[in-house]
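Here the structure is laid out as structure tokens; the discussion comes afterwards.
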Amino acid sequence: MIWSEKGENVYSQITPAIRALEEQWEKKNYIDPKLYQQYNVRRGLRDEDGQGVLTGLTRVGEILSYTVEEDGSILPIDGMLYYRGIDCREIVRGSEGRRLAFEEAAYLLLFGELPSDEQLRDFCVQLATYRTLPSNFLRDVILKAPPQDLMNTMQRAILTLFCYDDRPNDIGLENVLRQSLQLIAIMPLLAIYAYQAHRFNKGEGLFIHEPRPELSTAENFLRMLRQDGSYTELEARVLDVALVLHADNGGGNNSTFTNHVVTSSGTDTYSAIAASMASLKGPRHGGANSKVMEMMADIKAHVRNWDDEEELKSYLSRILGGEAFDGRGLLYGLGHAVYTRTDPRCEVFRNYVATLSREKQRQPELNLYERVERIGKDLLMERRHKDAISTNIDFYSGFVFEMLGLPRELYTPLFAVARISGWSAHRMEELSGGGKLIRPRYECVEQHRGYTPMAER
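Per our numbering, the sequence shown runs over residues 836 to 1292.
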């Protein structure tokens, strides 16, 4: 790995010395999988039945996906997602006719109660006040170093904001709340401006729109993204609903648990949020909808007749067998680590997907998605010997984002725009709970041995 004069990371051929070190590492770091059973290790912090190991308590978000019978057996149920005890579907339904559902959900997650009309207006004014970056921050921080990945650019920006804060290390709740509101407000700016810098670096020109205080998060996101700043009411509504449904997903999801772990060390807000961003960037977490889009593009390219279910079933079987697409044998977007029968977020999203596809004249593609979902779930249930497989919201969210004209580079950053409200609520909960430093135990399986003098090695 070498660096050019411009600071660009340039990949060079791996030298024999590096290969030798790699072989040495592999030789001394292999752990027999049987040892995990011997030591009763809950890999991935999951029980043998796949359920998460209980590591904490929260009042912020809750997922229900099964019931436990009197005999101890687990019965899958339709998934439920609660924000502060309120069904997320009710939040979406209750906001019909308005576009401030995300702001309402963020208020609920942070403060534990639904806001009154006056409280919601004041909250939106507060966010609008904070929706600005320090002077020259866009030029000196976001545009200065060419972004290879928007999530890394956003992490760098968040960590740099530490330097502009008069009380960056103060973890008192009043100060952390102020920092959280500021980050919730400017996260859309960081995402959009990072993307504009990405375009500029590719020679595609640069245009910057300032956010408008009277607009919602979803409206400002679309306005700042598009050169003409236009959007339809339906587009803003669909994006707003997507933000609501991605705002939180319980305390155990990888990025939120990361936030709890890092917060328990007593570190600052900017470091904790940057750590959550690092987790969300991973393709096993925040990048799932992009993998769905890649898979669907592959299916479109190899299935000649989208209406032919037998041809479609044959190709999906090849994907599951590792003979097609990326060779990993996965149908992305089908199945979830927690939800068993249904993902409530996906069920809410379906109607909006259908409505938007009609407006965008993309119904043939929606029909293909629905066939892949139905046939793919049947194949998975047959292979895994299960009677239920949930469809993840990621299965449709990428298609929605594409119809909204969002570039794929922004899919995961948009996830962060929504999820930071949940991260902030969980961080404040961790701080207020006065809990201990989170420190699980690892068992070392290396044998003890003596030190060998250099001349004898």
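Here a beta-carbon is modelled for each residue, glycine too, at the ideal position from N, C-alpha and C.
All of these numbers come straight from a predicted model, not from anything done at the bench.
Opposing strand residues paired with residue i [DSSP bridges]
i       : result
GLY896  : TYR918
THR1226 : LEU1169
Sequence-distant residues of the same chain with beta carbon closer than 6 angstroms to residue i, five excluded per side
i       : result
ASN1094 : ALA1107, SER1111, TRP1258, HIS1261 and ARG1262
THR1104 : VAL1011 and GLN1014
GLY842  : Interpretation of GLY842 is limited by its pLDDT of 49, a score under 50 that renders its predicted location unreliable; the figure taken from the coordinates is listed afterwards. Once the five neighbours on either side are set aside, GLY842 has no close Cβ partner at all.
ILE993  : TYR1105, ILE1108 and ALA1109
For residue i, three-class secondary structure by DSSP
i       : result
LEU1169 : strand
ARG1284 : coil
ARG1218 : helix
THR1067 : coil
GLY879  : helix
GLY887  : strand
LYS1175 : The question names Lys, but residue 1175 in the sequence shown is Thr. In this structure, THR1175 counts as coil in the three-state DSSP scheme.
LYS862  : helix
ALA1159 : coil
LYS1212 : helix
ARG1061 : coil
ASP975  : helix
ALA855  : helix
CYS1279 : coil
ASP867  : coil
GLN1196 : coil
PHE1184 : helix
LEU1203 : helix
LEU1074 : helix
Beta-carbon proximity check, residue i vs residue j, cutoff 9 angstroms
i       : j       : result
TYR942  : ILE1021 : no
GLY1086 : GLY1270 : no
PRO982  : ALA1026 : no
MET1238 : ARG1206 : no
GLY914  : SER1225 : yes
LEU1057 : GLU1045 : no
ALA936  : VAL1079 : yes
TYR1166 : LEU1215 : Looking at the sequence shown, residue 1166 is not Tyr but Leu. Cβ distance < 9 angstroms, so LEU1166 and LEU1215 count as in contact.
ALA1113 : ASN1227 : no
MET1130 : ASP1083 : no
ILE1006 : GLY1101 : yes
SER1051 : ARG934  : yes
GLY896  : ARG919  : yes
PRO1275 : LEU880  : yes
GLU931  : LEU955  : no
GLU1200 : PHE1234 : yes
Cutoff 9 angstroms: residue i Cβ touching any chain D Cβ
i       : result
CYS1181 : Looking at the structure shown, chain D is missing, and only one protein chain is on hand.
7 angstroms CB neighbourhood of residue i in its chain, flanking five on each side removed
i       : result
ARG924  : PRO1179 and VAL1183
LEU1016 : GLN961, LEU962 and TYR965
PHE997  : PRO1003, ASP1103 and TYR1105
ILE1210 : GLU1144, LEU1147, LYS1148 and LEU1151
Beta-carbon contacts of residue i that lie in its chain and below 8 angstroms, excluding the five residues immediately before and after
i       : result
ALA1159 : ASP1133, HIS1137, TYR1150 and ARG1153
> Unbroken beta strand (DSSP E) runs of length 3 or more, entirely within the region 898 to 967: which are they?
Replying inline: 909 to 918
>> Could you tell me which whole alpha helix (DSSP H) segments of length 4 or greater appear in the region 1077 to 1152?
In response: 1089 to 1098, 1104 to 1116 and 1123 to 1137
>> At 4 residues or longer, what runs of the alpha helix (DSSP H) sit wholly inside the region 1230 to 1272?
In response: 1246 to 1267
>> Which runs of the alpha helix (DSSP H) at least 4 residues long sit entirely within the region 985 to 1020? Give them in chain order.
In response: Given a length threshold of 4 residues, each whole run of the alpha helix (DSSP H) inside the region 985 to 1020 is given here in chain order: 985 to 996.
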